[in-house]
Structures are given as C-alpha cells and as structure tokens.
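Everything on this sheet refers to the single structure shown next.
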Amino acid sequence: MTESTTDHPLDTAKLATELATTQQAAGADAMLGRLEETLRHHRRWHGLFDARLLRARLALGLPLVGPVAEAAADLRGRLDEQTIAACREVGWGLFEDGQIAGGWMYLRASVDQQEVVDRLRTLTDKLLAEVAAGADDEASYQPLQEVVQLALWEGLDPTLGIRVMLAVQGTCNAITAYEQSVAALPPDRQAPVAALLVEHLHGELFESLARDLEERGLLPAAALAEIRTSGGGVAAVLAAVDGLTQDASIHLDASHLQAVLRFARVCTDPAVLTQAVALASYACRLPEDFRYPGDPPFTDFGTASRFFYAAQLGHDVDEAVAWFRTAASEADQYDAPAAWDTLAVLLARLGRPAQALEAVLARPAEQGPAQASPLAATLPPLVELAHAAGAGDTLRAACLERDDLITFAASLARDADR
C-alpha cells in the first residue's frame, strides 16, 4: 500500500522551467502555487509542506527562510495557523499512502488525538482486509507495523495495537507486548485490551477443542454445530464432554492461558467475565504438569481464577469469598498484602463495601522489596468505600492510628456531603 516517489514520477527539470516561466509571467505567489499544485498531484508530501510554508511567508511579508521571532505577534500567529493547516494536509496525505509514522510527525501537534485514532482504525481495517485477501504482505506489513508503533507503543489506542499484533504476529507476541506496555497503564485503559485478549484466546481454545474432539469422535458434528449456533463457547463444549477432566490433551499454550487470565482481573464486563470463567475452568482440567502456580493468592491458579471470575457473575459467591479470605489470613508477611488486596477488590465488586473496607484495613504493609498489588489500583477510593458502607467512623479511627490526617479530613467532608 505504501507509495513512493516512483509511483508518481516527477520531471524535475520540466517543473523547474515551468516555475521560472510562471514567476516571470505572474509573480512569486503564482509560482509557489504552481509548485504546491504539482507536489500535491505527485504526492510529494514533505516537499508540499515546505512549499506551503514558503507561500505563507511570502503572503505575510515575512522572510522566506530563517527565524521569524522578530516579526509582529499577529503575523507569527497567522503563520502558525498556516503551518498547522499544512501539517494537517501533509499528515493525512501520508496516512492515506500508508506512511503512518511520517504522517504522525505532522499530525501530532496539529489535530485532536481522537481524530488520529479514528483514522488509524479505518486504515487498519483496510490493511487487515488486504492481508486477509492475500495482498502483497510487505506492502501491508510495514504500515501495520507503524500502526502498532503509534497505537501501542505511543499509547494512542493500545487495544488497536494489540489487535494488529494478534492478526499479524500472533498470540505470543501480543501477550509479550501487553506485559511490556499495557500493564503499566491505569486499569481503565488496560481493561479493553485485556478483554480483547480474553476474547481472542477463548476463540482460539474453542476452535482447537472443537477440532480435536470432533476428530476423536468425542463430540458429534451435530452437537458441535448446535453449540456454534447457540453461541455456547468453551463452557458448552466442556459441559458436553463432562469437563474433559480425565483427558490429558492440551489445546493451547498453558502460559498464554495463565497470562491472559491474569490480565483479565482488571475487567468487570459480564461478557468478559463469562469467557474468563470458561478459560479458568479449562485451566482446572489441565494435566498436573501444565498447572503452573501463580502468585499468591492465585497459587492454585485455575481454581482461584475460576472463583474470582465466577463470583462476580453471582456463582459460588460465599465459597469464593471464603477461599480468598483464607488465602489472605494464611499468607506470609511478603504475600499477605496482595492477598488482602485481592479479597478487598472482590468484595467491592460484589457490592460489599463494609467487608471490602475491613479487608483493606486488615492489609499489612509491604515487606522488603515487594510492591503494591496492581489489582489494588482497581479498588474504589477508601473514602468512598467507607461512605458507601456507612463506616466513616471506622475509617477515621484507622486514620488516626496511622497518622493519616488527609484521609481523615476527606472522610469527614465526604460524610458531611450527604
């Protein structure tokens, strides 16, 4: 898709003659207008930018080259307006030609970021359609790599960046990129990316399971077709074969399964949670050698993950709370903070603010080099938890014990604002 100067050949000598003739006949502005028109036609975007600035300076009576710091403020302001307009034209032109990184150089400071994101999404749909249709891989691959650079690594739209990586580089690379880039974002920005990975891995697992079970005659084609039609997913496939608990088969990389289930903890959308439960249920039936332990309180990774996600959908709620409360109570001094954080988050999501506040207040401080649990960032503010629970007095008493007058004052003010 990317176009080069050879796609729109320009006879430089001929153009130079035309420019000189135009200058002589109609003046410098007409000559520069002719240059703009020709560069635009031949899609010489970088040259067009320079030509537009030359013409703008000429029209404003400014020096054609060099600084303009000494010019009147109103003239500099009008030049800035012309510069931004040139940036927009050139940036979008480069985008249309698949030169994403080059276009972004002009658009970064000249258009609203959401407009860039919208154009990136449209362009990505076109590029991925070309790849799916068997177009020249190299012609589409480079623009897609530049989409990833902007969307993921520069943070314009991480979900789009991971989507492209899944399409052209595969699950493993996308998971690695999430760890390196997305995991450092606030939870609300992580959530849609994690949701995409959950959906993708769920789809991979469904197809792998379906293919294997049909080939082995464990699931009739008619039953599989019915599951597809009803949108039953992995959970329905596992239910149709009694959970596949006595089977040693493996249908996806267990490390991918564990990573995506870990990412999904920031998600609260019921549709995502439903797929996460299915993935966790599959993790529970893996052969022992492939049940990798997670960090506490997810040491028994499959079981803990299933409890965590299923409870948020209203299933086995009391059992899940008891599981994580026991894990928190029994954790050592290094693992206890993360375990209590997890319990508090779960209780908050279950609509139990008083119990969530109790869990937060029971949480010990980190020991040694340990850092705060990433999941803790999804908790509502303590002041809001206490207010929702009608437990402002409890929070304020804890604040006095911990010499935290700021939270004490915030709680007083919040409870006064009924």
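Quick note on this note's numbering: the sequence shown kicks off at 67 and runs consecutively. Cβ atoms here follow ideal geometry from the backbone N, Cα and C, with glycine treated the same way.
Taking C-beta atoms under 8 Å as the contact rule, residue 368 and residue 393 fail to qualify, at a distance of about 14 Å. Per DSSP, reduced to three states, the secondary structure at residue 333 is coil, with no helix or strand assignment. Counting only residues of its own chain and dropping the five nearest sequence neighbours on each side, residue 458 has a CB closer than 6 Å to the CB of 452, 477 and 481. Non-local beta-carbon contacts of residue 168 in its own chain, meaning distances under 7 Å to residues more than five positions away in sequence, involve 160 in chain order. Taking residue 121 as reference, the option from 111, 95 and 197 with the minimal CA-CA separation is 95. Rounded to whole angstroms, residue 284 and residue 327 show a C-alpha spacing of 27 Å. Minimum Cα-Cα distance from residue 109 among the listed residues 194, 132, 162 and 90 corresponds to 162. By the neighbour-count definition (other C-beta atoms within 10 Å, threshold 16), residue 170 is a buried residue. Counting only residues of its own chain and dropping the five nearest sequence neighbours on each side, residue 128 has a CB closer than 7 Å to the CB of 134, 137, 141 and 145.
A straight line joining the alpha-carbon of residue 424 with that of residue 384 spans about 17 Å. In the structure shown, residue 364 falls within a coil segment according to DSSP collapsed to helix, strand and coil.
The closest CA to that of residue 448, considering only 474, 441, 439 and 466, is found on 474.
Residue 299 places its beta carbon less than 8 Å from that of residue 268. Contact annotation: the region 196–216 does not touch the region 287–297, with fewer than three C-beta pairs closer than 8 Å. About 16 Å separates the CB atoms of residue 419 and residue 442; that is not less than 8 Å, and the two are not in contact. Beyond the five residues adjoining it in sequence on each side, residue 258 comes within less than 7 Å, by CB distance, of 225 in the same chain, given in chain order.
Excluding residues up to 5 positions away in sequence, 410, 413, 414 and 451 lie with their Cβ nearer than 6 Å to the Cβ of residue 422 in the same chain.
The continuous alpha helix (DSSP H) containing residue 180 extends over residues 179–198. Taking residue 379 as reference, the option from 340, 362, 310 and 77 with the minimal CA-CA separation is 340.
Between residue 306 and residue 266, the alpha-carbon positions lie close to 22 Å from each other. Setting aside the 5 residues that flank it on each side, residue 333 is surrounded in the same chain by 257, 260, 261, 264, 339 and 342, each with a C-beta closer than 8 Å to its C-beta; the list follows chain order.
Each of 237, 270, 200 and 354 was checked against the Cα of residue 311, and the nearest Cα belongs to 354. The criterion of a C-beta distance shorter than 8 Å is not satisfied by residue 279 and residue 247. Annotation: the continuous alpha helix (DSSP H) that includes residue 172 extends over 166–173. Within 10 angstroms of the beta-carbon of residue 408 lie 16 or more other beta-carbons, which makes it buried. The region 312–319 makes no contact with the region 358–372: fewer than 3 CB pairs, one atom from each, lie closer than 8 Å.
Between residue 222 and residue 179, the C-beta spacing is below 8 Å.
From the listed residues 198, 417, 175 and 213, the smallest Cα separation to residue 185 is found for 213.
For residue 237 against residue 107, the beta-carbon gap comes to about 44 Å, at or over 8 Å, which does not count as contact. Excluding residues up to 5 positions away in sequence, 327 and 346 lie with their Cβ nearer than 6 Å to the Cβ of residue 371 in the same chain.
Taken through DSSP and simplified to helix, strand or coil, residue 317 comes out as coil. Proximity to residue 152 across 165, 172 and 164 peaks at 172, based on C-alpha coordinates. If the five residues before and after residue 117 are omitted, its C-beta is found closer than 7 Å to the C-beta atoms of 98, 101, 102 and 105, all from its own chain and listed in chain order. The beta carbon of residue 89 is closer than 7 Å to those of 97 in its chain, skipping five residues each way along the sequence. Residue 251 places its beta carbon 8 Å or farther from that of residue 240.
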